[in-house]
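First to last, the sequence lines map onto chains A and B. Using numbering that gives the first Met the number 0, the first residue of the first sequence is number 0, and each one after it goes up by one. Using numbering that gives the first Met the number 0, the first residue of the second sequence is number 0, and each one after it goes up by one. What follows is one structure encoded as structure tokens, with my remarks underneath.
There are 2 protein chains.
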Amino acid sequence: MTSQQIQQVLDGRWAHIRRAVRERLGSEFVTVPGETGPEARERISRLIRSVPTDVGVAAAFPSRYGGSDDPGGSTVAAEMLAQVDLSLMVKAGVQWGLFGGAVVALGTERHHEAYLRDIISADLMGCFAMTETGHGSDVQQLRTTCVYDPATETFDLHTPHQAARKDYIGNAAKDGRMAVVFAQLITGGRSYGVHAWLVPIRDERGDPMPGVTLGDAGAKAGLLGVDNGRISFDHVTVPREMLLDRYGQVAPDGTYSSPIENDSRRFFTMLGTLVRGRITVGGAAAAATRSALTIAVRYGETRRQFTGPGFEREVLLNDYLAHQRKLLPALATTYAYAFAQEELVATLAEGPADEHGQRELESRAAGLKAMQTWHATRTIQLCRESCGGAGYLAENRLPGLKADTDVFTTFEGDNTVLLQLVAKGLLTGYRDAFGSLDGWGRATFVAEQVREMVLERTAARSVIQRLVSAVPGRDEEVAVTDRGWHLSVFEDREKHLLEGAIRRLRNGAATRKDQPFEIFNDVQDHILKVATAHIDRITLEAFVAGIERATDPDARALLAKLCDLYALSVIEADKGWFMEHGRLTPARSKAVTAVVNDLLRDLRPHMTTLVNAFAIPEEWLNAAILREEPDRQEAMAKEDEASRSLLVA
Amino acid sequence: MTSQQIQQVLDGRWAHIRRAVRERLGSEFVTVPGETGPEARERISRLIRSVPTDVGVAAAFPSRYGGSDDPGGSTVAAEMLAQVDLSLMVKAGVQWGLFGGAVVALGTERHHEAYLRDIISADLMGCFAMTETGHGSDVQQLRTTCVYDPATETFDLHTPHQAARKDYIGNAAKDGRMAVVFAQLITGGRSYGVHAWLVPIRDERGDPMPGVTLGDAGAKAGLLGVDNGRISFDHVTVPREMLLDRYGQVAPDGTYSSPIENDSRRFFTMLGTLVRGRITVGGAAAAATRSALTIAVRYGETRRQFTGPGFEREVLLNDYLAHQRKLLPALATTYAYAFAQEELVATLAEGPADEHGQRELESRAAGLKAMQTWHATRTIQLCRESCGGAGYLAENRLPGLKADTDVFTTFEGDNTVLLQLVAKGLLTGYRDAFGSLDGWGRATFVAEQVREMVLERTAARSVIQRLVSAVPGRDEEVAVTDRGWHLSVFEDREKHLLEGAIRRLRNGAATRKDQPFEIFNDVQDHILKVATAHIDRITLEAFVAGIERATDPDARALLAKLCDLYALSVIEADKGWFMEHGRLTPARSKAVTAVVNDLLRDLRPHMTTLVNAFAIPEEWLNAAILREEPDRQEAMAKEDEASRSLLVA
């Protein structure tokens, strides 16, 4: 079956983990639609302790403590958990990704020895206390302080004012016993920037530790099973050895030392080690999108509405062009991101070769997180609407998928800020991405430093080069379905946008050197478009590389058609830009739309195959509208047809 | 103050009703974020009985029963209720709009005499039982039957199979005691199409009546305060006089008579009398959009993130171009729809002059409902994201606004089906919109019947004509901010799209006469675009007319700039089409984007004024992030600044 052949390609390198999660997480793990907040928290708190760790959720931990040194496997496991229940995935992400991951990446052996086993077993539940009420995007500016006192050889951890309290922190409201707390490290009267400490926040009975105030973030739009909360510290004493000191050490006498001289560079290096969180969120959003599409496509394959001359039965929703226009490009894009995500995870798993590679990994993680989470929000909404009133009922899963994933667009980095980070990396050719997490800063600097871009390809370099080279010079001669043309058009758009941004920033810097914010702000929309064009390109290249991995000819042909639809949907959506810049003639632009419609017709019979290839276990889907037996459905349809005969002609 | 001057224009003809609701619905009516389903149902069931009816909620009822014969006023009152609490608005809409409205419009004096007083006082709570599980969009095909028996002079109301049960029915799960039930009327062995009966569904104790099965639709994404449910009938006996018989009567002997001969025409005439529901939903979506924008704009005016050289403080979110790009076009569009909605309500209030006018009213109600509800979904999402993590907390209202309004895109008519209705009305010049609620039917017929379109203007005809006439022939010579150019471009786009659709349908009909579904389906995307272009045009014309009503020069100037932004945002979003069709040169298209950015800069200082003009009472907004006192905010900002000095340079 073609769907199984495609599933094999999608399952990819971590197929064993996907298989394990599918097999081992049975009905007791499945989302319970419509439960109350307290019910959800209770259920998820219970389940997090019974997730079998050998399905990959702890894969990123060192093998000597029970992991398998496989960060790629752990992100894939998290993605699979997201298909079971998004609260469970986020809870797992907090515990094993953010909290446990920070202890691994920022701590040293004594921390690992003392805590990792209990973290993996979930006996020690923890928090990742970075975000503050006042600072979420600009985390270099956190206000919590941790001041070293050589007399007592302890730190004094303190929340100076309300806006400095830790906010939205997962596990803080109920389950967390310790927290990795991010604060400004001050010793000898000097601040060395943000560092992290491992701090107990609850005692054995679950009561707050002295000086620690814990609050509940209260009702949220979704993720009801996650106990997000607030943490404040009133001069809490923290032993010296609880500093997670891989990147910065404080000697008993208070002397600070670090392998990285520059405070800002050190901070971004520390943040960089936590890149897995963003990759996981992108993957989780994609998993939820696949669930929603599976529900909507399968519903559209049984739901009929409106009859017409020449038809014995009412028309299936999936047969309407407008319905195909909603679901099929979203499906194609979902495939495209699946391939891009797989490639990103592979890069994480292999470990970047150098600092340049690390910056590129961070940039792609940021960009794909932004694009996949926005795609999830849009697509789940489309799926909800495609199921009509049924889509609004909790029992049909779509409300939960929508509400749970909504926050993904702003957590683990606000999407707009992340795209800016991507663009800055491109502007500076990844040479100086440090400090690039700030909102706009150093525009003048950037404008002076930028160099001509060199497109960096990761996926299927040679295949892509061959396809691009085969494209004749004049666009008009090439079919709009030519893959080489797609690739070169995506590449050209990115390059042109980037060069334009560089030019505008340089002009700004030349004429209004004293207004760096204005220089940057005037081109902010342009800069964001650079980032999306870049991610579009690497996504298309990943799709092309993915097709190469398909061995079955039918699967290959279907994926190629879907790739056509993805590429042409992107071009169609941005046809204004292509015409403005002489990349498309009006006639060719119209041809793109016509070919998109042709592709919808061609792909229509394969919609079910394409969602079946996501291989989501039936019990995970858990949507009442899919639960009717086919026989019963047919019987209902027959009854319905019979009753039509009563109606007015 | 400019905001008050603008408020006056927005409040418009029903300012007295807006004022009354603002003054009379105090804190006890305000949304309670984060409540459970049962809590919400209990609260709303209680509140619906204490809404003061003299604020306009019963205005549409005849004055002899306690109303004021003012359907316009009742839609405005419902819109205002939506700003207080969307569940309350929907509950009110079910009770006084759908249920009460159907009794008024479809019933005759004996029904009015017997029930209207109790309906107005909410002593008799009722349902509008039209939608069935199997038929929501194509309601002409409802499967419930109601068969007359002259021997007993009663009807037999029956649900023949599961897909024919009434579904998603407001008030059915808990509060409804009667229902207006839509079913196929059969007498003398012939069906006369869908009619409505007034049927008791619960006895005095709240138990189901004999033969009636009531169910609960269960947990929903939002609108938790509304008790949606399911109703099935097992051969329920309904007395002859309970037929709402304004449009069709059954004599004791079973003889059917009607003032309207044609069954289909009769059915759509009956539906047409219920147009108020759609107008109300559009208005409610707009009210929620205004609440969300008020919260996001005011938050963006206090929230700062990221510092930079030359800045003493961090930058306000509203100062970022990307933030303005999110909020300001949405704000401009919200104003545009407010004017279009006011005009639509005025048309409803005046009553259409003839059948043509009635068809046009229905078409505009359908189109503006679709556009306003999609705009609400998109904009509330943008506002949620613009508030970051805070936007995900129930206490900040955005999750509730989002979840509650979500269903508006598919209830009271699925938006896609509604836009198709609009397009068909245009294709047939409103001459034969009967039957146009079907999904696609009679494409051949339509293609043969279409005539050249004549643009029909309602608003400010002479002003618009003057502005359009003043535009010189060649576009290039006109400033992109020229109002006449905007108007002529919107008009030209609609006309060209419509003519293109006609041509394609005609060609299809000529070449594949035996495939009417395919003829239609091939152009479905084109047809939907005709509808949006049409609604865009009437919306712009309404905005232009609205500016004329502003007397204060500052208010007028600000509204004019906002109208520029609305018009150019629409053009920018569709610039691909304009270039494809030679309506914009690439250079001029780029100029549009540049001018949009200039407008954002110009309008930036007025964002607060523009949301203040919505005049939403502070206690209705009810968002924790807005609740801090300005003094306290300033103090927090100062503390925050002070703590910055501790940080690494």
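Yeah, the Cβ is synthetic: ideal placement off N, Cα and C, and Gly gets one too. All figures in this text were calculated on a predicted structure; none of them were measured in a lab.
- Chain B places no beta carbon closer than 8 Å to that of A/Phe267, leaving this residue out of the contacts.
- By the 16-neighbour rule on beta-carbons within 10 angstroms, B/Arg302 is buried.
- Taking 7 Å as the upper bound on Cβ-Cβ separation, chain B lies near residues Phe310, Val314, Tyr319, Leu320, Ala321, Arg324 of the stretch 310-326 of chain A.
- Under the Cβ distance rule, B/Glu260 does not count among the residues neighbouring chain A, no pair being separated by less than 8 Å.
- Relative to the Cα of A/Ile537, the nearest Cα in the group A/Leu316, A/Val488, A/Glu498 belongs to A/Val488.
- Residue-level contact check: B/Ser136 touches chain A, since one or more beta carbons of chain A fall below 8 Å from its beta carbon.
- Setting aside the 5 residues that flank it on each side, B/Gly390 is surrounded in the same chain by Arg383, Leu397, each with a C-beta closer than 6 Å to its C-beta; the list follows chain order.
- Taken in chain order, the complete alpha helix (DSSP H) segments of 4 or more residues contained in the stretch 203-286 of chain B are 262-271.
- In its chain, beyond the 5 residues on either side, Tyr64, Gly65 have a beta carbon closer than 7 Å to the beta carbon of A/Arg116.
- With a cutoff of 8 Å on beta-carbon distance, A/His110 and A/Leu223 are scored as not near each other.
- Within chain A, no C-beta atom comes less than 9 Å from the C-beta of B/Phe60; the nearest is roughly 28 Å away.
- Proximity of chain A to B/Ser588 at the Cβ level (cut-off 7 Å) is accounted for by Gly575, Glu579, in chain order.
- When 9 Å is used as the limit between beta carbons, A/Asn170 is near no residue of chain B, the shortest such separation being about 16 Å.
- Look at B/Thr376 here: in three-state DSSP terms it is helix.
- Rounded to the nearest whole angstrom, the CA to CA distance from A/Tyr565 to B/Arg48 is 53 Å.
- Residue contact with chain A for B/Gln371: absent (no Cβ-Cβ distance below 8 Å to any residue of chain A).
- Residue state for B/Glu618 is assigned as helix, using DSSP reduced to three classes.
- Ranking A/Ser263, A/Leu583, A/Gly125, A/Asp53 by CA distance to the CA of A/Leu197 puts A/Gly125 first.
- Linking A/His605 to A/Gln139 through their CA atoms gives a straight-line distance of about 49 Å.
- Annotated as distal: A/Tyr246 and A/Pro238, with beta-carbon spacing of 8 Å or more.
- If only uninterrupted alpha helix (DSSP H) runs of at least 4 residues are considered, those enclosed by the stretch 315-400 of chain B are 320-349, 354-385.
- Taking C-alpha positions only, A/Leu270 is separated from B/Phe127 by approximately 57 Å.
- Within the stretch 387-409 of chain B, contact with chain A at the beta-carbon level (separation under 9 Å) is assigned to Gly387, Gly388, Ala389, Gly390, Tyr391, Leu392, Ala393, Glu394, Leu397, Pro398, Gly399, Lys401, Ala402, Asp405, Val406, Thr408, Thr409.
- Leaving aside the five residues that flank A/Gln371 on each side, the residues in its chain whose CB is nearer than 6 Å to its CB run, in chain order, Gly281, Ala284, Ala285, Tyr336.
- For B/Asp413, at least one C-beta of chain A is nearer than 8 Å to its own C-beta.
- For B/Lys165, the secondary structure class from DSSP, reduced to helix, strand or coil, is strand.
- Contact fails between the stretch 499-514 of chain A and the stretch 331-349 of chain A, because fewer than three Cβ pairs, one in each stretch, are under 8 Å apart.
- If you check each beta-carbon in the stretch 208-228 of chain B against every beta-carbon of chain A, the ones closer than 7 Å belong to Ala216, Gly217, Ala218, Lys219, Ala220.
- For the set A/Phe60, A/Met129, A/Glu108, A/Leu123, the Cα lying nearest the Cα of A/Gly96 is the one of A/Phe60.
- Taking 8 Å as the CB threshold, B/Thr376 lines the interface with chain A.
- Beyond the five residues adjoining it in sequence on each side, A/Ala220 comes within less than 6 Å, by CB distance, of Ala402, Asp405 in the same chain, given in chain order.
- A Cβ-Cβ separation of about 27 Å leaves B/Ile43 out of contact with B/Leu9 under the 8 Å criterion.
- Pairwise C-beta distances place the stretch 517-531 of chain B out of contact with the stretch 553-563 of chain B, as fewer than three of them are shorter than 8 Å.
- Of all residues in the stretch 286-306 of chain B, only Gln304, Phe305, Thr306 come within less than 8 Å of chain A when Cβ atoms are compared, listed by chain position.
- Taking a Cβ-Cβ threshold of 8 Å, none of the residues of chain B is close to A/Thr279; the smallest such distance is about 18 Å.
- Taking C-beta atoms as the reference points, B/Glu300 and B/Leu320 fail to come closer than 8 Å.
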